[in-house]
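Asks: Protein chains in written order, with this note's numbering: chain A, 350 to 602; chain B, 350 to 602.
Below is a structure I'd like to ask you about.
Protein chains: 2
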Amino acid sequence: MGNEKRQIIDLSQVKAACQSCSLQELCLPYGIGPEDLAALDQIVKRKRPLSRGAHVYRTGDPFRSVYAVRSGAVKTYAVTDEGYEHVTGFHLPGELLGLDAIIRGEHTCSARALDTTSLCEIPFDQLESLAGQIRGLQRQLLRLMSQEIQQDEELLLLLGKKTAEERLATFLLSLSKRYSNLGYSAMEFNLSMSRNDIANYLGLAVETVSRLFTRFQDQGLLEVQNRYIRLHEPRALRLLAGGQHGSDDAARA
Amino acid sequence: MGNEKRQIIDLSQVKAACQSCSLQELCLPYGIGPEDLAALDQIVKRKRPLSRGAHVYRTGDPFRSVYAVRSGAVKTYAVTDEGYEHVTGFHLPGELLGLDAIIRGEHTCSARALDTTSLCEIPFDQLESLAGQIRGLQRQLLRLMSQEIQQDEELLLLLGKKTAEERLATFLLSLSKRYSNLGYSAMEFNLSMSRNDIANYLGLAVETVSRLFTRFQDQGLLEVQNRYIRLHEPRALRLLAGGQHGSDDAARA
DNA sequence: CGCTGCTTTGAACAACTTCAACTTCTGTGG
DNA sequence: CCACAGAAGTTGAAGTTGTTCAAAGCAGCG
């Protein structure tokens, strides 16, 4: 299913190639030489922006491509049998989407834009065969998948062991760090997701999240105004997030 | 990329090779032709059995290999700063271990045998380069990683949204299914992990798990005697596991 | 046997949820 | 541009689920 029918394309499109993309270091191109990058560029389809609420894919859609976020934000969520939503992740620029679908051949969760969002679509069969040719690409693909596993494991820890307070603190710090990696401020940012999404993601009730925001603000840890967040005491937040319990059922020989 | 160099190989080795391994279908060799399988066999090191409690690797160890379980069982767990243990998974025969370490270059969790356990060690750099030559191997490696992401996401749902009852039911059914895939009985099996490990893994207190086992038995769903489990009503368990809540904050357009 | 560690059971307690009411925000149409 | 309706967010009070603490029952092993 090679598609070779792109002809006249405006120059702005060309400009937006991987080679000049500011997310290179985070995304698939990382560690790939210039000439190979051109080959990758050939298979990447830069899509027109999705507007807020639009779906990238839905549960049950056949798996054909993975997607990289270029700008905006995407949430992924599973829908249970009862029509009940579970948010599995938020994806900022440079992050890949859809890697969980490889094994089943169809998407097991849905992905939708939280904001106006631009994506790159990378047809998976082409990516796979290119990865077979470009050593660095294979490597980076494996690395990114490994990273996702790693992050899921951290989330598992969060959901399995952390208190509500620790969860929200961890979440905010994670966002802060990711924004900072993207070159934005680590101290202030706008949440692209609703309280509901946050609560759902963190395994909490909306009310709890709301109360925690209020509490954090009262304690002078941060300032919150609707979706705007400004961290005042990231250090203190980090302490909260760390989780100094008093737990004792530690490792055993 | 054809590799055509298989010659005389000692027979005892061949016996224990991937080619004759009963786990072929679940493990890395899946979907690989016989001649390529021989190449894979060359890099797989079949290790002598680990005794119960022995470590496969520990947090902080440099990442050099991934491991496949051949027999026995392994648990992976992270240790937090406070020396506090968090069980991230149980691994039965045919399952791969250590894929989360690729990105960091060192292990971020520890793995230890729950029983006498045999493993195959696969040096990752060799696996990676072989995957670049054998299309099917690359494919299976990606599939297995995707599967792990997928499974972690299910676990996320479990920890984020399910009640204690649902968690234990889900856990038991998962074990049942995995044993059944291995050719063992789906209806009765012996747990290789302690109540503590189960509780830890499921994000519950040991006491809760213990009470649930008692309750399930009282309800006639199963029979439990120390680590022996016999499922009587897998159907009913499945209902419990499914999670018919009454939740209402469903998806939104 | 008699530890020692694992498991079970009971009762009090805490964290978070649920329910309910109210406020604030957003965006649409007059 | 304002008013209004619906959505999103906040706050309080009551209710649950699961935790924590405490103690006793078992199982395996030197």
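Cβ coordinates follow ideal geometry from the N, Cα and C atoms, glycine included.
For clarity, every value in this text was computed on a predicted model and none was experimentally measured.
1. With DSSP run on the structure shown, which of helix, strand or coil describes A/C376?
2. Where A/R587 and A/D385 are concerned, what is the direct C-alpha to C-alpha distance, given to the nearest angstrom?
3. Would B/Q391 pass as an interface residue toward chain A - the criterion being a Cβ-Cβ separation below 8 Å?
4. In the DSSP assignment, the beta strand (DSSP E) including A/Q391 goes from what residue to what residue?
5. So is the beta-carbon of A/Y406 under 7 Å away from any non-hydrogen atom of the ligand SAH?
6. Would you mind sorting A/S400 into buried or exposed? The rule is 16 or more other CB atoms within 10 Å of its CB.
7. Residues in the same chain with beta-carbon distance under 8 Å from A/L479, minus the five sequence neighbours each way, listed in chain order, please.
8. Check each residue of the segment 417-442 of chain B: if its Cβ is closer than 8 Å to any Cβ of chain A, include it; give the result in chain order.
9. What do you reckon, are the CB atoms on B/R492 and A/I452 nearer than 8 Å?
10. For A/E570, which residues from the same chain have a beta carbon less than 7 Å from its beta carbon, with the 5 sequence-adjacent residues on both sides left out?
11. Using the Cα positions of B/Q566 and B/L504, report the straight-line distance between them to the nearest angstrom.
12. Kindly give me the distance between the Cβ atoms of B/I498 and A/L448, rounded to whole angstroms, as I take these residues to be in contact under 8 Å.
13. Assuming A/S420 and A/S467 form a contact by the criterion Cβ under 8 Å, report the distance between their Cβ atoms to the nearest whole angstrom.
14. Select from the segment 441-458 of chain B all residues with a C-beta closer than 9 Å to any C-beta belonging to chain A, and list them in chain order.
15. Would you kindly check if the distance between the Cβ of B/I381 and the Cβ of B/I471 is under 8 Å?
16. Which same chain residues end up closer than 6 Å to B/R516 when comparing Cβ atoms and leaving out the 5 residues on each side of it in sequence?
17. Can you tell me whether A/I578 is helix, strand or coil according to DSSP?
18. Given a cut-off of 8 Å on the beta-carbon distance, is the pair B/V423 and B/H435 in contact?
19. For A/C370 and A/Y528, what's the separation of their Cα atoms in angstroms?
20. Determine which residues share a DSSP beta bridge with A/N539 and list them.
21. Compare the C-beta of B/S596 with all C-beta atoms of chain A and state if any pair is closer than 8 Å.
22. Mind checking which residues open and close the beta strand (DSSP E) that includes A/F439?
23. According to DSSP, is B/A417 part of a helix, a strand, or is it coil?
24. Kindly identify the DSSP beta-bridge partner or partners of B/T466.
25. In whole angstroms, what separates the C-alpha of B/G591 from that of B/A513?
26. Counting only beta-carbon separations shorter than 8 Å, does A/E556 have a partner in chain B?
27. Using only CA atoms, which one of B/C367, B/T425, B/G438, B/D410 lies nearest to B/L524?
28. Which residues mark the beginning and the end of the beta strand (DSSP E) in which A/Y533 is found?
Replies: Let's see:
1. DSSP places A/C376 outside both helix and strand once states are collapsed to three, so it counts as coil.
2. If I take the Cα positions, the gap works out to 41 Å.
3. Not one beta carbon of chain A lies nearer than 8 Å to the beta carbon of B/Q391.
4. For A/Q391, no beta strand (DSSP E) segment is defined; the enclosing uninterrupted segment is the alpha helix (DSSP H) at 383-392.
5. Annotation note on the ligand SAH: not contained in the displayed structure, which lists no ligands.
6. If you draw a 10 Å sphere on the C-beta of A/S400, you find fewer than 16 other C-beta atoms in it, and that means exposed.
7. Taking A/L479 as the centre and dropping the five residues before and after it, the same chain places the C-beta of A388, L389, I392, L486 closer than 8 Å to its C-beta, in chain order.
8. For the segment 417-442 of chain B, the set of residues with a beta-carbon nearer than 8 Å to any beta-carbon of chain A comprises Y426, A427, V428, T429, D430, E431, G432, Y433, E434, H435, T437, in chain order.
9. It is a contact, given that the beta carbons lie within the stated cut-off.
10. In the sequence on display, residue 570 of chain A carries Leu and not Glu. The residues are H581, E582, A585, L586.
11. Annotation: B/Q566 to B/L504 spans about 24 Å, alpha carbon to alpha carbon.
12. 6 Å between Cβ atoms; contact.
13. Cβ atoms of A/S420 and A/S467 come within 8 Å of each other, at about 5 Å.
14. Residues passing the 9 Å Cβ filter: L448, D449, A450, I451, I452, R453, T457, C458.
15. Not closer than 8 Å, so no.
16. Taken in chain order, the residues that qualify are L507, L551.
17. In the three-state reduction of the DSSP assignment, A/I578 falls in the strand class.
18. No. Outside cutoff.
19. Approximately 17 Å between the Cα atoms of the pair.
20. A/Y577.
21. With a pLDDT of 45 at B/S596, under the threshold of 50, the predicted position of this residue should be treated as unreliable, and no value is reported.
22. That run of the beta strand (DSSP E) goes 434-440.
23. B/A417 sits in a strand when the DSSP states are folded into three classes.
24. Its beta-bridge partners are B/L399.
25. Spanning the two alpha carbons is a distance of roughly 12 Å.
26. So no, A/E556 is outside the interface.
27. When only C-alpha atoms are compared, the closest one is B/G438.
28. From DSSP, A/Y533 is part of no beta strand (DSSP E); its letter is neither H nor E.
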